[in-house]
Amino acid sequence: MDYAEKDIQPIPTGVPAKKEKITADSEAARYLQMQMHLKKESRGADVLLILLTLGFIYVMAILFWVLPDADFSAQENRVLASAPEISAENFFSGGLTEQVSDYMADQFPFRDFFVGVKAFSETVQLKGQNNGVIFGSDGYLTARADYPNETILKTNLDAAAKFQRAAEKKGISCTAAFVGRKQDVCDRYLPSVYGSYYSDRIWGVLEDITGSNGLSYLNLRDPLRSRAVDGEAVYYKTDHHWTSLGAYYAYVQVMEALGGAPLALGAFTAEEASRDFYGTTWSAAGVKWAPPDPIVYYHYEDDDAYTMAIQDNTMQFEGYAGCTYKERDGKQYAIFDSFYVREFLEKKDQYASFLGGNFGYTHIIKNGDGDRQTLLVLKDSFAHSMVPFLARHYDLILIDLRYYKASMLQFCLENDIDQVLMLYNMETLTEGDYLKVLQAGLGKGE
Amino acid sequence: MVFSSLEFLFLYFAASIMLYFIVPLAFRNVVLLIVSLAFYGWGEPIYVTIMLFSIIVDYICGYFVGKYRETDKKKARRFVITSAVINLGILGFFKYYTFIVSNLQLLPFAFLQKIPLLADVKLPIGISFYTFQTMSYTIDIYRGDAKVQHNIASFGAYVTLFPQLIAGPIVRYQDVDDQLRCRPHNIALFASGMRTFICGMAKKILLANCAGAMWEGFQALSATDATVVGAWLGMLFYAFQIYFDFSGYSDMAIGLGKMLGFQFKENFFYPYVSKSITEFWRRWHISMGTWFREYVYIPLGGNRCSKLINLRNIVIVWLLTGFWHGASWNYVLWGVYYCIFLMMEKLFLQKLLQRMPAFVSHLYTLVVVLFGWWLFVFEDLGAGITYLGYMFGQGVVAFSEAGAAFDLLRSVLFLAILCIASTPLPKRLFYKLYEKGKGARVAISAGCAVMLVLCTAYLVDSSYNPFLYFRF
Chain V
870 MDYAEKDIQP IPTGVPAKKE KITADSEAAR YLQMQMHLKK ESRGADVLLI LLTLGFIYVM
930 AILFWVLPDA DFSAQENRVL ASAPEISAEN FFSGGLTEQV SDYMADQFPF RDFFVGVKAF
990 SETVQLKGQN NGVIFGSDGY LTARADYPNE TILKTNLDAA AKFQRAAEKK GISCTAAFVG
1050 RKQDVCDRYL PSVYGSYYSD RIWGVLEDIT GSNGLSYLNL RDPLRSRAVD GEAVYYKTDH
1110 HWTSLGAYYA YVQVMEALGG APLALGAFTA EEASRDFYGT TWSAAGVKWA PPDPIVYYHY
1170 EDDDAYTMAI QDNTMQFEGY AGCTYKERDG KQYAIFDSFY VREFLEKKDQ YASFLGGNFG
1230 YTHIIKNGDG DRQTLLVLKD SFAHSMVPFL ARHYDLILID LRYYKASMLQ FCLENDIDQV
1290 LMLYNMETLT EGDYLKVLQA GLGKGE
Chain S
83 MVFSSLEFLF LYFAASIMLY FIVPLAFRNV VLLIVSLAFY GWGEPIYVTI MLFSIIVDYI
143 CGYFVGKYRE TDKKKARRFV ITSAVINLGI LGFFKYYTFI VSNLQLLPFA FLQKIPLLAD
203 VKLPIGISFY TFQTMSYTID IYRGDAKVQH NIASFGAYVT LFPQLIAGPI VRYQDVDDQL
263 RCRPHNIALF ASGMRTFICG MAKKILLANC AGAMWEGFQA LSATDATVVG AWLGMLFYAF
323 QIYFDFSGYS DMAIGLGKML GFQFKENFFY PYVSKSITEF WRRWHISMGT WFREYVYIPL
383 GGNRCSKLIN LRNIVIVWLL TGFWHGASWN YVLWGVYYCI FLMMEKLFLQ KLLQRMPAFV
443 SHLYTLVVVL FGWWLFVFED LGAGITYLGY MFGQGVVAFS EAGAAFDLLR SVLFLAILCI
503 ASTPLPKRLF YKLYEKGKGA RVAISAGCAV MLVLCTAYLV DSSYNPFLYF RF
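Residue numbers (this note's numbering), protein chains in the order written: chain V, 870 to 1315; chain S, 83 to 554.
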C-alpha cells in the first residue's frame, strides 16, 4: 500500500515542487488502508451496501425484462420506444446502440416514479424549475419560454392583415383576437425576479407590426391579466390553457368586438366536470405531489339543441357515447349532440373533452334554427373552451390551419360565412408560420 | 457506452460483474478481455478492429523488446520506435489528419488542394487514451520498469480494461503489471469500489450534468438575450461541469477497478483549491500529466539541463498537451496559454504569489483557469470572442435581465453545493464518519444506495420529454 516517492512526483511544470505532505495517491491509499484495516468491523455495513446496490441493479434489470412494454405514455403524450430489431446490419450501422438506449429509458420500470424522484430532488435543491417548467406560487406551473421568434410573428400577422383586408372587401367582417400565454397573463404567480419575462416586449412588437400592416385586433391578454391580478383563476395551474372562466371573460370581449351582446355569467349553470385534471405543465414538471385543477363546464338552458360534426378520418371516437359516424364526400364525420366528449375526463388529456381535441374542421349548429349567422373561427386549442359560449350566438365552423390547408377566402364565399374570428394564442403565433396559408387565393396585389 | 447510462448499469454492469465473479480466478483476465471488447464494440462495432490491431502490434513489439533489451539494445530500441510510430500513426490519422490537411490547404499550392479531406472518418472513442496506454507498455519494458506479459489475454485485458478505456485515467503498464498477474478480490475492496463508483456517478449525473444544462442555456445566448451576468454564470457552470464530469468519470473508473481488484492511481486532487497554476496542473488530470512527464519531458532532458533547454522542453510538453485534447487551434492556444503562465510562475510569479495573502493567489488561479476554460470550450474562435464580449458588456441587451437574475437566484444553493464539492471537505467528513463506528458505516451504506436510486432517477428523467405542445 505504500507508494514510492517516484510515484507521486509532480508533473513537469518546471517549477520545483514544494514538499507536499498529502498527494492524491497518498490520500487515497490512506483511506483505502483505513477501510481495509476496518475490514472485519465494517463487514456488516459492506455486505449491506453490496446487497442494497447490487440488489437494486439486479431487481431493476430483471423487472425491465419481465414487465410488459408500454406503447404510449399518457404523461408525455407520446409513443414510447419499442424493442429494437436485432440484426447485424442494424448493429454495424450504429442504429442498435441508440435504439437500445431509447428503449431502455422509455421502458424502464416505474418510470413515472423516478421522474417524480428527480423532480423532488430538484425542488429540494431550490432550483425553482424542472424540465423547463417554473414552479410558481400557489401551485402555478408555467413553461419557461425563450424570447419568441419575431420573424415568425411578423409572417403570421402580415398574412392575417392581408386576409382581413381581402375578407372585408368582400363584405365579410373579420376580427382578430390574440390570447396571452400563461406567463403573459398569470405573471403574478411567477417568481418576482422573473416576472413575465419579456412579455411586454413581444406584445409591443405585436403592436408595432399590426400598426404598420394595418391589422386591427383585439388584445385578450390585458383584460385577462387584470382578472388574474385580482386573483381569479383564469388559467389552469397545471396546464397552459385558460380555464372555462378565463374563456368566458375572453368571450365577453370577443362578443363586443363582433357586435353582439354577451350573455351574463349568471345565465349559465356551472358543472364541475372533473376535479383531477393534471395538465401539460404538470406532466413536464414531474411534480407528482402538486394538486390537480378542476374542469368546469358552463351549461345553458338550450344545451341539448346543438350538433357538433368533427371531420375525423381516423374514426378515433368509434364507440364513444352519443357519437355516430357519417360519411360525406368520402370523408368521415363524427357527429355528437354536445360540445363535450366526456370520455376524455377518464383519460390524462382532459382538456380534450372540449370538442374532442384538435381537428382541422369542426362544424357546430343549433338544431332547427336556420336563421343564425355562421361564424368562421380560425383558431388553436384555446378556442375550444370558448365554443360553449360562442355557440349560443352563431353557428360555428372551426378551422385549425395547422391541419386544414385551403384558401380561406374561397371557403368563406362557398360556405356563406357571415363573420370571421381569428383567435390565436401568442405561442401559436410565434411558434410556426401557421397563418401564412391565409394568403392563399387572395389574388394579385394582396 | 458511457458509465452514466441506464444500459451500462442495468445491462452491461449487471451481466459483466456476474460473469467475472462466477468464473475461476485463472479465467478472470479472459472474461475481462471479452467483456471489455464487448463494452467497446457496443459503441464502436467497426473501430474495435483498430484496438485489436493495436493489441497485437504492441504484444509483438513488447515481446521483442523484452527479448533484446539485455542483449541488443539497438534492436530493442527499434521495436520501441515501431510501436510508438504505429500507435502515434493511428492516433494521428484518426484524430489529426483532417485538421492537418485542411490547414495545409490554406497554403497556395495546387497539389495540396488535391489531398482528400476524409471528413467522414470519425474519431474512435477513447483512442487518445488507449494509444497512450499501449505505448507505455513497450517503453516500460524497454526501461526495465515492467516485465513482458506473455499471456496475450492478460495484455489484451490491460489495453481494453473497460473501466478506464474511454476517458482515462491513463494507466501506465508498470502500475498494473503485478495486478494483472495477481490481485485481491474481497468484500471490503468491492464495497470500497462501489462507494467510489457511486460517488463518481453522483458527481457526473447530479452535479456535472445539471451544471452542463445550465451552461448550455447560457451558451445559446444570442444578441437578443445576452447579459453580462448570464455570460459569467455560464462560464462558471462550465468550469464546474468539466471538473465534475471528468473527475466523476475518473472516480467511476477507479471504483469499477477496485471492484475488479485493481488499484488505479487517482486522477484529480481538488484542482480548484489550487493557489497557483503550477499547483493546479499537479492536481488536474494527473495521469495525463504523469504520462507526458515520464515519456516526453524527462526523455527530453527535463530540468536537468540548461535553463534554455528546460524552457524548450516545457514548451514542447504544453504544445503537445494542448494538441492532445483535440485537433483544433483553440486547444493549441489553450496549451500555449498555460505554458505562458507556468513559465511566468517559474521565472518570478510563484515567488510573488507566495508572499501574497492566500485568497489573492487563489483568486488569481481561479480567474486564469476560468479564462482557460473559455479558450477550451469554443472550438470556433469567432463564437468564443462573441461570448467573451458578452462577459465584458459588448453586444449584450443589459447587464442583467429577468431570465439571468432568476437563474442566478435559483442556483444559489446549487452553486454552494458545487463549491463545497470541489474542496476536500466532503471526502474528509465522509471518512471521519466512516471511522466513527458501525452505525455510521451502516448509514453510509444506506446513503450510497439512495444516491444510486437518485442517479437512476436523473438518468430516467433525461429521456423524459413530454410533448408539451404535441397537440394544442
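All C-beta atoms in this analysis are idealised placements derived from N, C-alpha and C, irrespective of residue type, glycine included. Every value quoted in this text rests on a predicted model; they were computed, and no experiment measured them.
Residue i at chain S interface by Cβ criterion, 9 Å
i: residue 1219 of chain V; result: no
i: residue 1291 of chain V; result: no
i: residue 1211 of chain V; result: no
i: residue 908 of chain V; result: yes
i: residue 1317 of chain V; result: A question about residue 1317 of chain V goes unanswered here, because the residues of chain V that appear run from 870 up to 1315.
i: residue 860 of chain V; result: The first residue shown for chain V is 870 and the last is 1315, placing residue 860 of chain V beyond what the model contains.
i: residue 997 of chain V; result: yes
i: residue 922 of chain V; result: yes
i: residue 1010 of chain V; result: no
i: residue 1273 of chain V; result: no
i: residue 1081 of chain V; result: no
i: residue 896 of chain V; result: yes
i: residue 901 of chain V; result: yes
i: residue 1064 of chain V; result: yes
Boundaries of the alpha helix (DSSP H) in which residue i is found, first to last residue
i: residue 412 of chain S; result: 411-426
i: residue 192 of chain S; result: 192-195
i: residue 1142 of chain V; result: Careful: residue 1142 of chain V lies outside any alpha helix (DSSP H), inside the beta strand (DSSP E) at 1138-1146.
i: residue 1124 of chain V; result: 1113-1127
i: residue 1051 of chain V; result: 1051-1054
i: residue 501 of chain S; result: 494-503
i: residue 216 of chain S; result: 209-225
Beta strand (DSSP E) segment containing residue i, residue limits
i: residue 1244 of chain V; result: 1243-1248
i: residue 1210 of chain V; result: Note, residue 1210 of chain V: premise wrong, no beta strand (DSSP E); not H, not E.
i: residue 1025 of chain V; result: First-last for residue 1025 of chain V: 1019-1038, but that is the alpha helix (DSSP H), not the beta strand (DSSP E).
i: residue 508 of chain S; result: From DSSP, residue 508 of chain S is part of no beta strand (DSSP E) but of the alpha helix (DSSP H) over 507-518.
i: residue 1046 of chain V; result: 1042-1048
Interface flag, residue i vs chain V, CB-CB below 9 Å
i: residue 168 of chain S; result: no
i: residue 85 of chain S; result: no
i: residue 348 of chain S; result: yes
i: residue 285 of chain S; result: no
i: residue 205 of chain S; result: no
i: residue 553 of chain S; result: Confidence at residue 553 of chain S is low in this model, with a pLDDT of 37, below 50, so its placement is unreliable and the value that follows should be read with caution. Closer than 9 Å: yes.
i: residue 543 of chain S; result: yes
i: residue 343 of chain S; result: no
Residue i classed as buried or exposed, judged by whether at least 16 other C-beta atoms fall within 10 angstroms
i: residue 1054 of chain V; result: buried
i: residue 267 of chain S; result: exposed
i: residue 1194 of chain V; result: exposed
i: residue 1184 of chain V; result: exposed
i: residue 185 of chain S; result: exposed
i: residue 1307 of chain V; result: buried
i: residue 258 of chain S; result: buried
i: residue 883 of chain V; result: Low per-residue confidence applies at residue 883 of chain V: pLDDT is 46, beneath 50, and the placement is therefore not dependable enough to give any value.
i: residue 875 of chain V; result: Caution is warranted here: a pLDDT of 38 is assigned to residue 875 of chain V, below 50, making its placement in the model unreliable, and the coordinate value is therefore given only provisionally. Exposed, since its Cβ has fewer than 16 Cβ neighbours within 10 Å.
i: residue 285 of chain S; result: buried
i: residue 824 of chain V; result: Nothing can be reported for residue 824 of chain V, as the shown portion of chain V is limited to 870 through 1315.
Residue i Cβ short of 8 Å to the ligand GTP heavy atom set
i: residue 1161 of chain V; result: Only the bare structure without any ligand can be found here, which leaves the ligand GTP out of the picture.
Do three or more CB pairs link the region 1253-1270 of chain V to the region 1230-1245 of chain V at distances below 8 Å?
-> Under the Cβ criterion (8 Å, minimum of three pairs), the region 1253-1270 of chain V counts as touching the region 1230-1245 of chain V.
Decide if the region 288-295 of chain S is in contact with the region 316-329 of chain S; the criterion is three or more beta carbon pairs, one per stretch, under 8 Å apart.
-> When C-beta atoms of the region 288-295 of chain S are compared with those of the region 316-329 of chain S, three or more pairs fall below 8 Å, so the two segments count as touching.
Should the region 944-964 of chain V be regarded as contacting the region 902-917 of chain V, the criterion being three or more beta carbon pairs within less than 8 Å?
-> They do not touch, by the three-pair rule.
Spell out a yes or no on whether the region 1058-1066 of chain V and the region 1287-1303 of chain V are touching, meaning 3 or more CB-CB pairs, one atom from each, closer than 8 Å.
-> Note that the region 1058-1066 of chain V does not touch the region 1287-1303 of chain V; fewer than 3 beta-carbon pairs, one per stretch, sit closer than 8 Å.
Can we say the region 979-989 of chain V touches the region 524-541 of chain S, given the rule of at least three CB pairs closer than 8 Å?
-> Contact between the region 979-989 of chain V and the region 524-541 of chain S is present, with at least three C-beta pairs closer than 8 Å.
Looking at C-beta atoms only, is the number of pairs between the region 320-330 of chain S and the region 463-482 of chain S that lie closer than 8 Å three or more?
-> No contact exists between the region 320-330 of chain S and the region 463-482 of chain S.
Residues in the region 264-276 of chain S having any Cβ partner in chain V nearer than 7 Å = Those would be 269, 270, 272, 273, 274, 276, in chain order.
Residues within the region 288-319 of chain S neighbouring chain V, beta-carbon criterion of under 7 Å = For chain V, the residues of the region 288-319 of chain S that bring a beta carbon within less than 7 Å of one of its beta carbons are 306, 307, in chain order.
Pull out every residue of the region 963-980 of chain V whose Cβ sits closer than 8 Å to any Cβ of chain S, in chain order.
-> For chain S, the residues of the region 963-980 of chain V that bring a beta carbon within less than 8 Å of one of its beta carbons are 963, 966, 969, 970, 971, 973, 974, 975, 977, 980, in chain order.
Determine which residues of the region 1164-1198 of chain V have a Cβ less than 8 Å from any Cβ of chain S, and write them out in chain order.
-> Of all residues in the region 1164-1198 of chain V, none has a Cβ within less than 8 Å of some Cβ in chain S.
Which of the residues in the region 911-940 of chain V, read from start to end, lie with their CB under 8 Å from any CB of chain S?
-> Residues passing the 8 Å Cβ filter: 911, 912, 913, 914, 915, 916, 917, 918, 919, 921, 922, 923, 925, 926, 927, 929, 930, 933.
Where the region 981-993 of chain V meets chain S: residues whose CB sits under 7 Å from a CB there | Of all residues in the region 981-993 of chain V, 983, 984, 986, 987, 990 have a Cβ within less than 7 Å of some Cβ in chain S.
Touching by the beta-carbon criterion (3+ pairs, under 8 Å), the region 392-406 of chain S and the region 355-374 of chain S | Here the region 392-406 of chain S makes contact with the region 355-374 of chain S; the two share three or more CB pairs at distances below 8 Å.
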